[in-house]
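*Asks:* First residue of the sequence shown: 15, per this note's numbering; consecutive thereafter. The C-beta atom is built at its ideal place from N, Cα and C for all residues, glycine as well. None of these values were measured; they are calculated from a predicted model. Below is one structure. I have some questions about it.
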Amino acid sequence: MMLKDKVAVVTGAARGIGLATATLFAENGAKVVIADINGHGALETARRLADEGRDAIAFHVDVSDEAAVQAMVDGAVDAYGRIDVLVNNAGVSINQLFLDTVLEDWRKVLDVNLTGAFLVAQRCARVMARQGSGRIINICSLSGQRGGVGRAAYGAAKAGLELLTKVMAVELAEKGINVNGIAPGPIDTEMARVIHTQATREAYLRIIPQHRYGAMDEIAKGAVFLASGMADYVNGHILNIDGGMLTAGLMYAFDQPPSKSF
Numbered sequence: 015m016m017l018k019d020k021v022a023v024v025t026g027a028a029r030g031i032g033l034a035t036a037t038l039f040a041e042n043g044a045k046v047v048i049a050d051i052n053g054h055g056a057l058e059t060a061r062r063l064a065d066e067g068r069d070a071i072a073f074h075v076d077v078s079d080e081a082a083v084q085a086m087v088d089g090a091v092d093a094y095g096r097i098d099v100l101v102n103n104a105g106v107s108i109n110q111l112f113l114d115t116v117l118e119d120w121r122k123v124l125d126v127n128l129t130g131a132f133l134v135a136q137r138c139a140r141v142m143a144r145q146g147s148g149r150i151i152n153i154c155s156l157s158g159q160r161g162g163v164g165r166a167a168y169g170a171a172k173a174g175l176e177l178l179t180k181v182m183a184v185e186l187a188e189k190g191i192n193v194n195g196i197a198p199g200p201i202d203t204e205m206a207r208v209i210h211t212q213a214t215r216e217a218y219l220r221i222i223p224q225h226r227y228g229a230m231d232e233i234a235k236g237a238v239f240l241a242s243g244m245a246d247y248v249n250g251h252i253l254n255i256d257g258g259m260l261t262a263g264l265m266y267a268f269d270q271p272p273s274k275s276f
């Protein structure tokens, strides 16, 4: 029970990585605040966890809405008295070529993925600062670290979130708050199953040294580690959980080595 009695807010927790993270946190003893723009899905998740004997509550919240975020944070404090951990996971993904990206879509992606993360982190951090302790984990992306076709808005937002993570880590350390990020590689989520074509999957599998997509609970395990006492001296770090994708250079089969030097 690595998170026994910790109060954890997880945004975007009605499905995907957020759901896997909220579930694993609850299994590790945390009291979980399920926050999602899909209010029905958030409530379903909280009810399922409660049926399993876990402690969870749900909030319908658009993270880009300042008033809604504040109401969610106030509700969590009213219910549990504190906030120990935030997993900033809520996000949207739009694939559009740079020349085809329209301002409305650009703004939507940045409003949710960057401004929304800022709003939730700031409001939770104010609670944590009064307590003198806390952990914030921002879910970033490899798309914020490398160029990719169709990732102008999404990549820019995630790159901004990585830098925000580091600024927060520096400023909040003296208040007892550790801030880190997780950058997933290709993960087998519901969204990926819809938007990744066969060609996309084959391309990813070629360049990932482990030659597979990651599982959602593998991201959740990273979040549990960063939220736990095992990560007391980890601050300002971006943990890539990507099967070695970012590290890999030229990939070739073992039976097809490069030509000999001359």
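1) In terms of DSSP beta bridges, what is Gly148 paired with?
2) In or out: Ser155 buried (at least 16 other Cβ within 10 Å) or exposed?
3) Less than 8 angstroms between the CB atoms is what I'm expecting for Val24 and Val101, so what's the real figure, rounded?
4) Who are the near neighbours of Ala183 in its chain, counting only those whose CB is closer than 6 angstroms to its CB and skipping five residues on each side?
5) Label Met142 either buried or exposed according to how many other C-beta atoms from any shown protein chain fall within 10 Å of its C-beta, with 16 as the threshold for buried.
6) With distance defined between alpha-carbon atoms, name the residue in Arg149, Ala135 and Ala206 nearest to Ala239.
7) For Pro223, is the classification buried or exposed, using 16 other Cβ atoms within 10 angstroms of its Cβ as the cut-off for buried?
8) Which value, in whole angstroms, describes the spacing of the CA atoms of Ala34 and Gly130?
9) Sort out for me which residues DSSP pairs Gln110 with in a bridge.
10) Give the secondary structure of Thr25 by DSSP, where H, G and I count as helix, E and B as strand, and everything else as coil.
11) Would you kindly work out how many angstroms separate the C-alpha atoms of Leu280 and Val47, rounded to a whole number?
12) Which residues in the same chain have their Cβ closer than 6 angstroms to the Cβ of Met15, if we skip the five residues on either side of it in sequence?
13) Is it true that the CB of Tyr227 sits closer than 9 angstroms to the CB of Asp246?
14) Can you have a look at Ala27 and say buried or exposed, based on whether 16 or more other CB atoms are within 10 angstroms of its CB?
15) Based on Cα-Cα distance, which residue from Ala82, Leu124 and Glu232 lies nearest to Ala197?
16) If you measure between the beta carbons of Gly158 and Ala166, is that distance less than 9 angstroms?
17) According to DSSP, is Ala44 part of a helix, a strand, or is it coil?
18) Identify the continuous alpha helix (DSSP H) that holds Ile233 and give its terminal residues.
19) In this structure, what does DSSP give as the bridge partners for Ala70?
20) For Leu253, which of helix, strand or coil comes out of DSSP?
21) Go through its chain and collect everything with a Cβ distance to Lys235's Cβ below 8 angstroms, but skip five positions before and after it.
22) On the DSSP letters alone, give me the boundaries of the beta strand (DSSP E) that Val126 sits inside.
23) Have a look at Asn52, Lys45 and Gly195 and flag the residue whose alpha-carbon is nearest the alpha-carbon of Glu66.
*Replies:* Looking at the coordinates:
1) Ile191
2) buried
3) 4 angstroms
4) Val193, Asn249 and Gly250
5) buried
6) Contrary to the premise, residue 239 reads as Phe rather than Ala in this sequence. Of the candidates Arg149, Ala135 and Ala206, the one whose C-alpha sits nearest the C-alpha of Phe239 is Arg149.
7) exposed
8) 21 angstroms
9) Arg165
10) strand
11) Absent from the model: residue 280. The displayed extent of the chain is 15 to 276, so no value can be given.
12) Asn42 and Gly43
13) no
14) buried
15) Glu232
16) no
17) coil
18) Met230 to Ala241
19) Val46
20) strand
21) Leu38
22) Unbroken run through Val126: none, as it is neither H nor E.
23) Lys45
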